[in-house]
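> Numbering (this note's numbering), first residue to last: 4 to 288.
Below you will find the structure I want to go over with you.
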Amino acid sequence: MTLSRRRFIALSACAAVAGPTCASPSTSVWRGRALGAEVVVSLRGANERDIWRLGQRIAAQLDRLESALSLHRASELVRLNETGLLAHPSPFIAEMIALSDRLHATTGGAFDPTVQSAWLAQAQGRRTDVPFGWSKIDRDRGIRLPEGMALTFNGVAQGYAADLLAELIREAGYQDVVVDAGEIVAMGQGLPVDIVGDDDRVLRQIVLRDRCIATSSPRATLIGPDAAPHIFHPDGRSIRWRTVSVAASSAAVADGLSTAFCLMQEHEITETLTQWPDASLVLRT
Numbered sequence: 004m005t006l007s008r009r010r011f012i013a014l015s016a017c018a019a020v021a022g023p024t025c026a027s028p029s030t031s032v033w034r035g036r037a038l039g040a041e042v043v044v045s046l047r048g049a050n051e052r053d054i055w056r057l058g059q060r061i062a063a064q065l066d067r068l069e070s071a072l073s074l075h076r077a078s079e080l081v082r083l084n085e086t087g088l089l090a091h092p093s094p095f096i097a098e099m100i101a102l103s104d105r106l107h108a109t110t111g112g113a114f115d116p117t118v119q120s121a122w123l124a125q126a127q128g129r130r131t132d133v134p135f136g137w138s139k140i141d142r143d144r145g146i147r148l149p150e151g152m153a154l155t156f157n158g159v160a161q162g163y164a165a166d167l168l169a170e171l172i173r174e175a176g177y178q179d180v181v182v183d184a185g186e187i188v189a190m191g192q193g194l195p196v197d198i199v200g201d202d203d204r205v206l207r208q209i210v211l212r213d214r215c216i217a218t219s220s221p222r223a224t225l226i227g228p229d230a231a232p233h234i235f236h237p238d239g240r241s242i243r244w245r246t247v248s249v250a251a252s253s254a255a256v257a258d259g260l261s262t263a264f265c266l267m268q269e270h271e272i273t274e275t276l277t278q279w280p281d282a283s284l285v286l287r288t
């Protein structure tokens, strides 16, 4: 079985839009969507009834996650961005804030979820001199944003979703599992993974075993009338790399680091990795 950066290579042609499919006599696949990405879970040792029940739990968890972090439906994050206040953030938001704190600090500010207002301005072809800066968020009583500021956790949320699902499935008793929620978690048997660049060319293949991997390519998606890279920083720092892949024990950590590393020089990446000893740079081009 081989997985690409953003695409699960199906084990069976009989895929459903959401729900379980039988991929082989010993492997089952569940498919759905969350946070703008296809979600595919492959596991061995589950019968049809088991995978259906587990799929119901997966779908419920993804729905809770969307209700907290989505930018495309009514969610806590949308409410925060619209009103500037979230008095009682859910554990999902609290965990995103805590992880973002550490990523922001260890990447010299390259990871900054306050890019959302600038991202929207860029996508709409407007001026991008909008409020930003992670340190400007007030967290004394809930979460308060300065006027005009908005957050996005898209630089880490897909990895976080993969981690949550892997934990759910592990607690259900399965050990040989692959979760692809835009970033990949592989538990158990080693899995070949293709790292694909922004031109859909395979740059490298690695074997992932009890590990997670995330890949970021700023020009894989272009936004706005100027076709700007979708990964950028509102302070104007330059993109340094076309494609970056990071492996770690957490897909959320790998996701956040791969996003930030696109904007960081080589010596900065090396320094950051000393503060994340479980993470490793797999590829940068």
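The beta-carbon is built from N, C-alpha and C at its ideal position, and this holds for glycine as well.
Could you check the C-alpha separation between residue 282 and residue 88 for me, to the nearest Å?
Between residue 282 and residue 88, the C-alpha separation is close to 34 Å.
> Measure the alpha-carbon distance for residue 277 versus residue 55 and round it to whole angstroms.
Answer to the nearest angstrom: the Cα atoms are 42 Å apart.
> Considering only the alpha carbon of each residue, which of 165, 249 and 240 lies closest to residue 267?
It is 240.
> To the nearest angstrom, how far is it from the Cα of residue 235 to the Cα of residue 242?
Between residue 235 and residue 242, the C-alpha separation is close to 7 Å.
> What residue range is occupied by the uninterrupted alpha helix (DSSP H) comprising residue 266?
That residue, residue 266, is in no alpha helix (DSSP H); it is neither H nor E in DSSP.
> Should residue 249 go down as buried or exposed, given a rule of 16 or more other Cβ atoms within 10 Å for buried?
Counting Cβ neighbours within 10 Å, residue 249 comes out buried, since at least 16 surround it.
> Taking the DSSP output, what are the residues bridged to residue 41?
In DSSP, residue 41 forms a bridge with 36.
> I think residue 261 touches residue 215, with their Cβ atoms under 8 Å apart; what is that distance to the nearest whole Å?
Incorrect: roughly 11 Å between the Cβ atoms, too far for contact.
> Under 8 Å by Cβ, that's how I've got residue 198 and residue 211 pegged, so tell me the actual separation to the nearest angstrom.
Incorrect: roughly 10 Å between the Cβ atoms, too far for contact.
> Is residue 218 helix, strand or coil by DSSP?
Residue 218: strand per DSSP, three-state reduction.
> Cα separation between residue 39 and residue 280?
Cα-Cα distance, rounded: 30 Å.
> Who are the Cβ neighbours of residue 73 in its own chain at under 8 Å, not counting the five residues just before and after it?
Correct list, in chain order: 38, 80 and 81.
> Could you spell out where the beta strand (DSSP E) holding residue 208 opens and where it closes?
Where residue 208 is concerned, the enclosing beta strand (DSSP E) stretches over 205 to 211.
> Can you tell me which of 127, 181 and 100 puts its alpha carbon nearest to the alpha carbon of residue 231?
Selected option, being the one with the closest Cα: 127.
> Can you name the start and end residues of the alpha helix (DSSP H) that residue 140 belongs to?
Run containing residue 140: none; DSSP gives neither H nor E here.
> In three-state DSSP terms, what is residue 323?
With the chain running from 4 to 288 in the structure shown, residue 323 is simply not present.
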